[in-house]
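J.:
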Amino acid sequence: SSVDSDSCKGSVHSLKTGVGELLGETRFWHGKDYCNFVFKDWVQLDKPFADFIDRYTMPRMPWHDIASVVHGKAARDVARHFIQRWNFTKIMKSKYRSLSYPFLLPKSQRTADELNYQVPEAVNAKVQVLRSATDWSAGIKYHEESIHSAYVNVIENSKHYIYIENQFFISCADDKLVSNRIGDAIAHRILKAYRENKRYRVYIVIPLLPGFEGDISTGGGNALQAIMHFNYRTMCRGENSILGQLKAEIGDQWINYISFCGLRNYAELEGKLITELIYVHSKLLIADDNTVIIGSANINDRSMLGKRDSEMAVIVEDTNMVASVMDGEDFKAGRFAQSLRLQCF
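With the first letter of the sequence shown counted as 1, position 49 gets the number 49 in full-length UniProt numbering; the numbers rise by one all the way through.
This is the structure we're talking about:
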């Protein structure tokens, strides 16, 4: 939308590629929305419309994310999780005990299929809500890590490929620093394909740099370098890493099974060519063009173990199939999973 001249400071010469501004007098990223986390973290958040980096010289860092909408019984389950957390917080936090914060009651599942509105082009599918929850976050007696279990199960049972986008990639359990088993499941599934002499592919897309202010060329123990260390520990450093486990059995043949990727874009700013990484914030898994997991859980212990951060996701198993080809043969692909995969790459 158009804005007044006082808030139009900065370049309007960038291309429509996501790293700069739009042409003309239109402003696309106001104030703090024009940001580059690695160059400089947010400051003065009480002034959301004030710039804090130089738009003439510094490109913004584009953001890539994946979200989902669910209807029917799965949506009721999402609502029940929210209600459970709301009521638990009202009981436990004294400032929410007043009548101005009411207790909430879930709706009946009997009316869940009465859809007054549905997102255009929605696809019918089998959907299960997953979560990471425990006593402190939801008031439940036993912790739940169904997102972690679903990731491992889908990876272990995939037949052709898995495609993962995630903000973090911290796995490969050693039961000391890291406990989630997603990285190990990937390595074991690749080794199974190798032993059976079957074609199988894994695609991992993560940010080229973690979204923390810092300079990777300097020493020290800041957050940026710490996250990079654990990402590399999962991918390629040490015998517990994915590549470490693969090389121990199949040597350089690992290159035929797994790829680690990042995203980058480019544009022109003030007459100069610029480039910046695209920050991958997604939490996505697609398997075999028929199963999808989308949610809030990163691939790390904080999100996956259930006893730490509270997270939610959905696993979608297609029931509406379309004719396709997989590994050179006719294949029935899921309409939702395939369409999402084609939009991603």
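Glycine included, C-beta positions come from ideal geometry on N, C-alpha and C.
Since this is a predicted model, take the numbers as computed values, not measurements.
What residues match up with residue 166 in a beta bridge as DSSP calls it?
T.: For residue 166, which the question treats as bridged, DSSP gives the partners 283.
J.: Kindly identify the DSSP beta-bridge partner or partners of residue 64.
T.: For residue 64, which the question treats as bridged, DSSP gives the partners 280.
J.: With a 10 Å radius around its C-beta and 16 neighbouring C-beta atoms as the bar for buried, classify residue 283 as buried or exposed.
T.: Its Cβ being crowded by 16 or more others within 10 Å, residue 283 is buried.
J.: Would residue 49 pass as a contact of residue 30 if the rule is Cβ separation under 8 Å?
T.: Yes, they are a contact pair.
J.: Let's test the definition: count the other Cβ atoms within 10 Å of the Cβ of residue 214 and tell me whether it reaches 16, buried, or not, exposed.
T.: Label assigned to residue 214: buried.
J.: I need the boundaries of the alpha helix (DSSP H) containing residue 244, first residue and last residue.
T.: Unbroken alpha helix (DSSP H) run through residue 244: 242–250.
J.: What do you get for residue 151, buried or exposed, if any count of 16 or more other CB atoms within 10 angstroms of its CB means buried?
T.: So residue 151 ends up on the buried side.
J.: Does the beta-carbon distance from residue 119 to residue 335 come in below 8 Å?
T.: No, these two residues do not count as a Cβ contact at 8 Å.
J.: Output yes or no for whether 8 Å exceeds the beta carbon distance between residue 239 and residue 248.
T.: Their beta carbons are under 8 Å apart, which means residue 239 touches residue 248 by this criterion.
J.: Taking C-beta to C-beta, are residue 314 and residue 127 nearer than 8 Å?
T.: Against a cut-off of 8 Å, the Cβ pair of residue 127 and residue 314 comes out as a contact.
J.: Three Cβ pairs or more, each shorter than 8 Å: is that satisfied between the stretch 102–115 and the stretch 70–81?
T.: Yes, the stretch 102–115 touches the stretch 70–81.
J.: Alpha carbons only, please: which of 237, 58, 87, 188 is nearest the one belonging to residue 276?
T.: Comparing Cα-Cα distances from residue 276 to each of 237, 58, 87, 188, the minimum goes to 58.
J.: What is the C-beta distance between residue 132 and residue 155, in whole angstroms, given that I count them as a contact (C-beta under 8 Å)?
T.: So it is not a contact: roughly 17 Å between Cβ atoms.
J.: Suppose you measure from the CA of residue 246 to the CA of residue 312; what does that come to, to the nearest Å?
T.: One C-alpha to the other measures close to 31 Å.
J.: Could you tell me if residue 270 is buried or exposed, where buried requires 16 or more neighbouring beta carbons within 10 angstroms of its beta carbon?
T.: Burial call: exposed.
J.: Going straight from the alpha carbon of residue 345 to that of residue 330, what length do you get?
T.: Taking the straight line joining both Cα atoms gives about 21 Å.
J.: Taking DSSP as the reference, what is the three-state secondary structure of residue 51?
T.: Residue 51 falls in the coil class under three-state DSSP.
J.: Residue 211: which of 28, 40, 32, 33 sits nearest, CA to CA?
T.: Comparing Cα positions, the closest option is 40.
J.: Would residue 203 and residue 250 qualify as a contact pair, given that the criterion is a beta-carbon distance under 8 Å?
T.: For residue 203 and residue 250, no; Cβs fall outside 8 Å.
J.: Where does residue 72 fall in DSSP's three states?
T.: Note: residue 72 maps to coil in three-state DSSP.
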